[in-house]
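Visitor:
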Ligand code: PEP
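In the working numbering, the protein residues as written are 33 to 281.
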């Protein structure tokens, strides 16, 4: 049976007490899941959630990371600090980081390499804006983001790619399963060209953008959709658990 990878990006939500409570309930309710699950609380709650998740199969993720190991980088969080509190996955290149905070492919690539060098897993987010989609540039934009995000990366065993069309994030409009699958296929072909077919076949490609309990199974039924990166719907047990357990409901 196919094992999927479902990740929850909590973004700038939850106090420490709220995060702790949500993590505790997820740990209980997802104890028997056969899928790979990751949650990425805000930085302030990582240490507490790390303790809550002890003994659980849920991985702890960070939503971002600084591009340097340490030093004069006011306001940044280093890979060493993340590892210190039990983080094993980092989300990089999220469209909110690209569009609101001006992160470039070059910066994201530096972070990807630093995270990998320190043994973290990476979820590299890519995706087109509505204007780029309407201009027929989807494949070109996504391939460029994948290639530049992974520039100089030799080994992609610890990389997951999340295809997140920007127009679908937090809008309630998800890409149709067929549209998502078509872009995922292009991503897989890009990886096959660079790393070979076996690596491309093994690559997990998540879809992100208004995933909810009602559309999860349809998306996950597609050949090239291997999981989901979930935003809004990961903030409650009632919506995140049915997404992770989409094949049981
Ligand atoms: C996201 O920001 O990664 C995301 C997919 O958000 P949402 O599920 O709310 O669209």
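Note that CB positions come from ideal geometry on N, CA and C, so glycine has one too. For clarity, every value in this text was computed on a predicted model and none was experimentally measured.
1) Would you kindly report the start and end of the unbroken alpha helix (DSSP H) that includes residue 251?
2) Name the DSSP beta bridge partners of residue 68, please?
3) Can you tell me which of the three DSSP states residue 90 falls into?
4) So residue 45 and residue 276 are supposed to be a Cβ contact under 8 Å. How far apart are they, rounded?
5) Just to confirm, does residue 94 get its C-beta within under 7 Å of one of the non-hydrogen atoms of the ligand PEP?
6) Nearest to residue 88 by CA position, among 253, 129, 60, 48, is which residue?
7) Suppose you measure from the CA of residue 251 to the CA of residue 263; what does that come to, to the nearest Å?
8) Is residue 200 near the ligand PEP, in the sense that its beta carbon is under 7 Å from a heavy atom of that ligand?
9) Closer than 7 Å: is that where the CB of residue 162 sits relative to any heavy atom of the ligand PEP?
10) Report the residue from 199, 54, 228 whose alpha carbon sits nearest the alpha carbon of residue 269.
11) Alpha carbon to alpha carbon, what distance is there between residue 101 and residue 182?
12) Would you kindly work out how many angstroms separate the C-alpha atoms of residue 47 and residue 229, rounded to a whole number?
13) To the nearest angstrom, report how far apart residue 231 and residue 51 are at their CA atoms.
14) Taking the straight line between their C-alpha atoms, what separation do you get for residue 137 and residue 273?
15) Where residue 93 and residue 58 are concerned, what is the direct C-alpha to C-alpha distance, given to the nearest angstrom?
16) How is residue 188 classed by DSSP in three states: helix, strand or coil?
17) Going by Cα to Cα distance, which pick from 199, 119, 41 is closest to residue 166?
18) Under 8 Å, do residue 235 and residue 193 count as touching if we go by C-beta distance?
19) Hey, quick one: how far does the alpha helix (DSSP H) through residue 261 stretch, first residue to last?
20) CB of residue 249 to nearest heavy atom of the ligand PEP: below 7 Å?
21) Within 8 Å of any Cβ in chain C, is that where the Cβ of residue 189 sits?
22) Check the C-beta distance from residue 91 over to residue 69 and give it rounded, since I have them as a contact under 8 Å.
23) Which term fits residue 95, buried or exposed, when burial requires 16 or more other beta carbons within 10 angstroms of its beta carbon?
24) Distance check for residue 233 and residue 220, CA to CA, integer angstroms please.
25) Can you determine whether any heavy atom of the ligand PEP sits closer than 7 Å to the C-beta of residue 126, and answer yes or no?
26) Taking 7 Å as the cut-off, is the CB of residue 243 close to at least one heavy atom of the ligand PEP?
27) My parser needs the alpha helix (DSSP H) runs of 4 or more residues fully inside the stretch 148-217; what are they?
Guide: Reading from the atomic positions:
1) Looking at the DSSP string, the run of the alpha helix (DSSP H) that includes residue 251 is 245-252.
2) Looking at the DSSP output, residue 68 sits in a beta bridge with 37.
3) Three-state result, residue 90: strand.
4) Cβ atoms of residue 45 and residue 276 stay farther apart than 8 Å, at about 18 Å.
5) Residue 94: no, Cβ never under 7 Å from the ligand PEP.
6) Residue 60 is the option with its Cα nearest to residue 88.
7) When rounded, the separation of the alpha-carbon atoms in residue 251 and residue 263 is 16 Å.
8) Under cutoff, so the answer is yes.
9) For the ligand PEP, no non-hydrogen atom lies closer than 7 Å to the CB of residue 162.
10) The alpha carbon of residue 269 has as its nearest neighbour, out of 199, 54, 228, the alpha carbon of 54.
11) Taken atom to atom, the span from the alpha-carbon of residue 182 to that of residue 101 is near 19 Å.
12) Each residue's Cα considered, the two are about 44 Å apart.
13) Each residue's CA atom was taken as its position, placing residue 231 and residue 51 some 35 Å apart.
14) Rounded to the nearest angstrom, the two C-alpha atoms are 33 Å apart.
15) Between residue 93 and residue 58, the C-alpha separation is close to 14 Å.
16) In the structure shown, residue 188 sits in coil (DSSP, three-state: anything other than H, G, I, E or B).
17) Ranked by Cα distance from residue 166, the first of 199, 119, 41 is 199.
18) Remark: C-beta atoms of residue 235 and residue 193 approach each other more closely than 8 Å.
19) Where residue 261 is concerned, there is no enclosing alpha helix (DSSP H), although the beta strand (DSSP E) it sits in stretches over 259-262.
20) No - the ligand PEP has no heavy atom lying nearer than 7 Å to the Cβ of residue 249.
21) Among the chains in the structure shown there is no chain C, since it carries only a single protein chain.
22) Between residue 69 and residue 91 the Cβ distance is about 7 Å, and since that is below 8 Å, they are a contact.
23) By the neighbour-count criterion, in which 16 or more other beta carbons inside 10 Å mark a residue as buried, residue 95 falls on the buried side.
24) So the alpha carbons of these two residues sit roughly 7 Å apart.
25) Here the distance from the Cβ of residue 126 to the nearest heavy atom of the ligand PEP is below 7 Å.
26) Residue 243 Cβ: within cutoff of the ligand PEP.
27) The stretch 148-217 is shown to contain whole alpha helix (DSSP H) runs of 4 or more residues at 162-166, 170-181, in chain order.
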